[in-house]
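J.:
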Amino acid sequence: MRFAPGTKFNPANKILSVKTLILLVTALTGSILAVWLLGSTTVEMEGIEFKAGLSPGRSGITELHFPPFGMVEAKTHHGPVKLVISLEQIRSDTFKSHVDNPPDQKKLLERLRTSARAKITAFALHQVLVAGLGAFLLLLLLWRPGLVKTLLYSAISVLILVAVLAGVFRSYDTSAFHEPEYTGVISMAPAAVKFASDSLTDFQQIRSQTRQIVSNLGMLFSSADSLMVMANPEEQGEVVKVLLVSDLHSNPVGIELCRSLAARFKVDFLINSGDLTDMGSKLETNATQQLTAIGVPQLFVAGNHDSPETIAFINSLPDSQILNGQTITLKGLKIIGFADPLSSGSAVTYENAEQEKKASLQQMDSIKEAIKVQGRPDILVVHDYKLGRKLTPLANLVVSGHNHRIQIEEGSESEGVFANPGTTGASGLRGLYSESGISYSAAIAYIIPGNGLLAVDIIKYSPATQQFSLERKLLNAKPGAQ
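Quick note on numbering: the sequence shown equals residues 10 to 491 in the working numbering.
1) So, for P350: in the same chain, excluding its five sequence neighbours on each side, which residues have a beta-carbon less than 7 Å away from its beta-carbon?
2) How big is the Cα-Cα spacing for P112 and Q298?
3) Does DSSP put P100 in a helix, in a strand, or in coil?
4) I'd like to check one pair, G397 with L257: are the Cβ atoms closer than 8 Å?
5) Of the choices K116, E58, G69, E119, whose alpha-carbon is the least far from that of S180?
6) Going by Cα to Cα distance, which pick from A83, L47, G66, T50 is closest to E190?
7) List the DSSP bridge partners of P65.
8) So, for Q136: in the same chain, excluding its five sequence neighbours on each side, which residues have a beta-carbon less than 6 Å away from its beta-carbon?
9) What is the DSSP secondary structure of R273, counted as helix, strand or coil?
10) Using beta-carbon positions only, say whether Q383 and I345 come within less than 8 Å of one another.
11) Quick check on T123: does DSSP put it in helix, strand or coil?
12) Look at the alpha carbon of L30 and the alpha carbon of G79, and state the distance between them as a whole number of angstroms.
13) Buried or exposed for L484, please, with buried defined as at least 16 other CB atoms from any protein chain shown within 10 angstroms of its CB.
14) Can you tell me where the alpha helix (DSSP H) holding G176 begins and where it ends?
15) Candidates G341, L370, K291, R100: which alpha carbon is nearest I388's?
16) Pop quiz: G425 and L406 are said to be a contact at Cβ under 8 Å. What is the actual Cβ separation, rounded to whole angstroms?
17) Please report how far the alpha carbon of L370 lies from the alpha carbon of G62, in whole angstroms.
18) What's the gap between the Cα of I94 and the Cα of T123?
19) When the Cα atoms are used, what is the spatial distance from K482 to E247?
20) When the cut-off is 8 Å and only beta carbons count, does L396 lie next to chain D?
21) Could you pull the DSSP bridge partners for M54 from this structure?
22) Along the chain, where does the alpha helix (DSSP H) that runs through M373 open and close?
23) Thinking L266 and L252 are a contact (beta carbons under 8 Å), I'd like their distance in whole angstroms, please.
24) With DSSP run on the structure shown, which of helix, strand or coil describes S450?
25) Determine the burial state of M54: buried for a count of at least 16 other Cβ atoms within 10 Å of its Cβ, exposed for fewer.
26) Thinking C-alpha only, which one of F427, A379, E318 is nearest T401?
27) Report back the beta-carbon spacing between F75 and L92 to the nearest angstrom; my notes put them in contact at under 8 Å.
28) Please state whether DSSP places P458 in a helix, a strand or coil.
29) Report the CB separation of G494 from Y394 in whole angstroms; it is logged as a contact under 8 Å.
30) Does DSSP classify Q307 as helix, strand or coil?
31) If we count Cβ pairs, one from each stretch, closer than 8 Å, do we get three or more for the region 324-334 versus the region 354-364?
32) Would you tell me roughly how many angstroms separate the C-alpha atoms of G141 and A36, rounded to the nearest one?
33) Put T433 into one of helix, strand or coil per three-state DSSP.
34) Could you check the C-alpha separation between P386 and T336 for me, to the nearest Å?
35) With burial defined as no fewer than 16 other Cβ atoms inside 10 Å of the residue's Cβ, what is the status of L121: buried or exposed?
36) Kindly list the residues whose CB is nearer than 8 Å to the CB of I453, restricted to its own chain and excluding five residues on each side of it in sequence; keep chain order.
Laid out in structure tokens, this is it:
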């Protein structure tokens with residue numbers, strides 16, 4: 010190596026340059042690691058919570074994660090930075106309020122714009138602070154160059170990060186999501202609009218199939234002349250036929266199934282053990298107006314997915330009644346029911362298991378006290394199947410729901426029959442075109458007042474495959490309520 014005349018090679022300068030470079034690289038590494046590992050923040054906008062973060066990545070990618078459905082990504086900006094945004098939570102109370110009372114679109118967009126600007130500014134400041142702290146700590150941990158140099162190199166690394174972020178925000182193009190890439194189940198999203206359009210056409214066909222198949226169901230036993238008289242409870246004197254349904258979850262096909270079963274089997278009345286809706290919103294309850302076409306008296310117990318709005322709607326229907334602690338007599342049968350405690354508010358689950366256990370114990374005590382005062386009923390209705398099972402000594406027939414599993418269980422001599430009709434709405438609108446084999450289910454109880462329960466028909470129906478089953482379970486009748 011040659012030097013200019015009068016210039017001497019000084020090894021100390023080279024060492025100083027290398028040390029400067031090492032300190033700068035260390036500071037940048039600390040900033041990058043801190044932003045990557047600790048820079049994520051939770052952002053809430055109009056009841057929707059996101060987690061946003063930055064990481065080193067291929068040029069200009071934004072990833073939108075929608076667990077458990079998958080991810081959408083697009084090339085939105087310049088720079089070796091990947092922006093990752095994940096959906097964390099949708100607050101049911103805010104979402105429900107928007108469904109019940111849709112906000113003005115212009116005002117909502119303006120609120121979102123204002124909120125977005127504030128959130129982006131806060132997010133950027135958070136990244137700067139985290140980057141500075143990361144650089145500062147890593148420099149002290151590895152080299153301990155002194156406070157002044159530590160602050161200096163930390164500030165330089167932060168300035169470099171700010172320059173990169175400024176380039177990202179200046180070049181950011183939201184229109185890139187017009188042509189995104191999909192990963193996971195969400196990759197079916199482009200076909201969703203076509204599917205929804207086709208579904209509206211297919212829906213009328215499914216309703217028609219429901220009517221036809223249910224019409225055939227009633228002939229299975231009524232035409233079986235060779236059956237014993239006991240196996241044909243319709244002919245047992247003053248038998249009362251009660252249609253048991255539960256967990257419709259706003260599914261219109263489930264309501265059509267109720268109407269068809271009530272008409273074909275000529276039931277005397279219907280008991281609904283809860284969860285007429287998914288969120289208890291006014292929009293959902295208004296969509297269940299078909300209940301008025303069932304044509305028989307309806308008794309209803311509110312479930313955890315129902316709400317005061319749902320209860321008010323049922324009360325407004327002709328020939329319908331809410332059961333919540335009072336005994337009524339219908340067709341010679343004493344019936345009492347109790348609403349799920351969660352139906353008094355907007356929450357559909359308890360905060361923890363301890364809270365759920367406490368609420369269940371309190372409701373059990375209330376039920377026992379009410380029956381002690383009002384007398385043993387023929388039929389007791391609650392929504393929660395776990396509570397229902399514990400109450401079988403208190404009534405000849407205990408009807409519940411909640412877990413979407415049809416169950417008919419006959420207890421000991423001192424216990425009544427436990428009946429869970431499953432999900433008459435096939436778990437709700439999500440079951441309307443489900444390919445997972447979720448069946449619509451219901452039950453019909455045959456009761457002679459004063460003589461007890463004779464039999465229960467278990468009905469399962471899959472409109473997707475047009476398959477149905479009907480099983481008759483004969484029971485040892487127990488004396489009715491006194």
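All C-beta atoms, glycine included, are put in the ideal place defined by N, C-alpha and C.
T.: Reading off the structure:
1) So the qualifying residues of the chain are A368, Q372.
2) Approximately 25 Å between the Cα atoms of the pair.
3) Per the sequence shown, residue 100 should be read as Arg rather than Pro. Note: R100 maps to coil in three-state DSSP.
4) No.
5) Comparing alpha carbon positions, the residue from K116, E58, G69, E119 closest to S180 is G69.
6) Among A83, L47, G66, T50, the Cα nearest to that of E190 belongs to A83.
7) Note: P65 sits in a beta bridge opposite V90.
8) So the qualifying residues of the chain are V44, G48.
9) Here R273 sits in helix by DSSP.
10) Contact: yes.
11) In the three-state reduction of the DSSP assignment, T123 falls in the helix class, which pools H, G and I.
12) If you draw a straight line from the Cα of L30 to the Cα of G79, it comes to about 42 Å.
13) With a 10 Å radius around the Cβ and a threshold of 16 neighbouring Cβ atoms, L484 comes out buried.
14) Where G176 is concerned, the enclosing alpha helix (DSSP H) starts and stops at 156-180.
15) For I388, the closest C-alpha among the options G341, L370, K291, R100 is that of G341.
16) The beta-carbon distance between G425 and L406, rounded to whole angstroms, is 6 Å. This is short enough to meet the 8 Å contact definition.
17) Straight-line measurement puts the Cα of G62 at about 44 Å from the Cα of L370.
18) The straight-line gap separating the alpha-carbon atoms of I94 and T123 is approximately 19 Å.
19) So the alpha carbons of these two residues sit roughly 19 Å apart.
20) Absent from the structure is chain D; it holds one protein chain and no more.
21) Answer by DSSP bridge pairing, in chain order: I57.
22) For M373, the enclosing alpha helix (DSSP H) stretches over residues 362-383.
23) The pair is not a contact, with the Cβ atoms about 10 Å apart (cut-off 8 Å).
24) S450 sits in a strand when the DSSP states are folded into three classes.
25) Flag for M54 reads exposed.
26) Residue F427 is the option with its Cα nearest to T401.
27) Cβ atoms of F75 and L92 stay farther apart than 8 Å, at about 15 Å.
28) Here P458 sits in coil by DSSP.
29) Since the first residue shown for the chain is 10 and the last is 491, residue 494 is missing from the structure and cannot be characterised.
30) Strand, per DSSP.
31) In this structure the region 324-334 does not touch the region 354-364; the number of beta carbon pairs closer than 8 Å is below three.
32) One C-alpha to the other measures close to 8 Å.
33) It is coil, neither helix nor strand.
34) One C-alpha to the other measures close to 8 Å.
35) When all chains shown are included, L121 counts as exposed.
36) Correct list, in chain order: K250, V251, L252, L253, L270, F274, V276, V465, D466, I468.
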